[in-house]
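Residue 61 in the UniProt record's numbering sits at position 61 of the sequence shown, with consecutive numbering throughout. Positions of the beta carbon are idealized from the N, C-alpha and C atoms, including for glycine. Here's the structure we're looking at; comments come further down.
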Amino acid sequence: MNIGKSVKKLVIRDCANYDEVFNNIKDYCCREWTKDYRCIFFIKENAKCGYFEKAVLPMNTQLEALYQAEHQAKIEGRELSNQSKELIAEEKSLVSGKVNIHCKKCKKTF
């Protein structure tokens with residue numbers, strides 16, 4: 001699993017500050033400015049963005065856990081193995097993200 005690629009997909013799909021092209025600037029970010037106004041995730045590998053971490057990343061609990069584990073591993077001078085990534089993703093898929101919604105019209109819970 002490529003965490004950086006998954007982060008970029010989430011930025012493109014869900015970040016309110018991201019625009020694919022704005023004033024001829026590709027991967028524009030209106031919040032966390034770099035010198036050329038591009039989103040940090042499209043410039044630098046293993047980048048961090050405060051807005052993304054607080055407002056966008058929590059929407060995907062698996063990716064959030066992987067993102068945090070990868071950054072912690074980098075701080076410790078190591079890399080996450082594919083097996084570690086799979087275990088983290090599997091654990092998060094079983095634990096969180098379950099939301100039940102009850103439909104008043106059909107009386108079913110989804």
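Flag this pair as yes or no: are the beta carbons of residue i and residue j separated by less than 7 Å?
i, j, result
"LEU80", "ALA69", "yes"
"CYS39", "CYS29", "yes"
"CYS49", "GLU76", "no"
"MET1", "LYS74", "no"
Given this structure, state the Cα-to-Cα distance separating residue i from residue j, to the nearest angstrom.
i, j, result
"THR61", "GLU91", "10 Å"
"ILE43", "PHE52", "15 Å"
"CYS103", "LYS9", "31 Å"
"CYS15", "LEU63", "15 Å"
"TYR18", "ALA89", "26 Å"
"ALA47", "ASN23", "24 Å"
"HIS71", "LYS35", "24 Å"
"ALA55", "LYS105", "32 Å"
Determine the burial state of residue i: buried for a count of at least 16 other Cβ atoms within 10 Å of its Cβ, exposed for fewer.
i, result
"ASP27", "buried"
"LEU57", "buried"
"VAL21", "exposed"
By Cβ distance below 6 Å, which residues in the same chain neighbour residue i in space, the five residues on each side in sequence not counted?
i, result
"ILE25", "TYR37"
"LEU87", "none"
"VAL7", "PHE41"
For residue i, collect the residues of the same chain with a Cβ closer than 8 Å to its Cβ; drop the 5 residues on either side in sequence, then sort them by chain order.
i, result
"GLU45", "GLY4"
"ASN82", "MET1"
"LYS12", "According to the sequence as given, residue 12 is Ile; it is not Lys. Once the five neighbours on either side are set aside, the close Cβ partners of ILE12 are TYR18, GLU20."
Quick one: what's got a C-beta closer than 7 Å to residue i's C-beta in the same chain, skipping five residues either side?
i, result
"SER93", "GLN62"
"TYR67", "ILE3, VAL7, LEU57"
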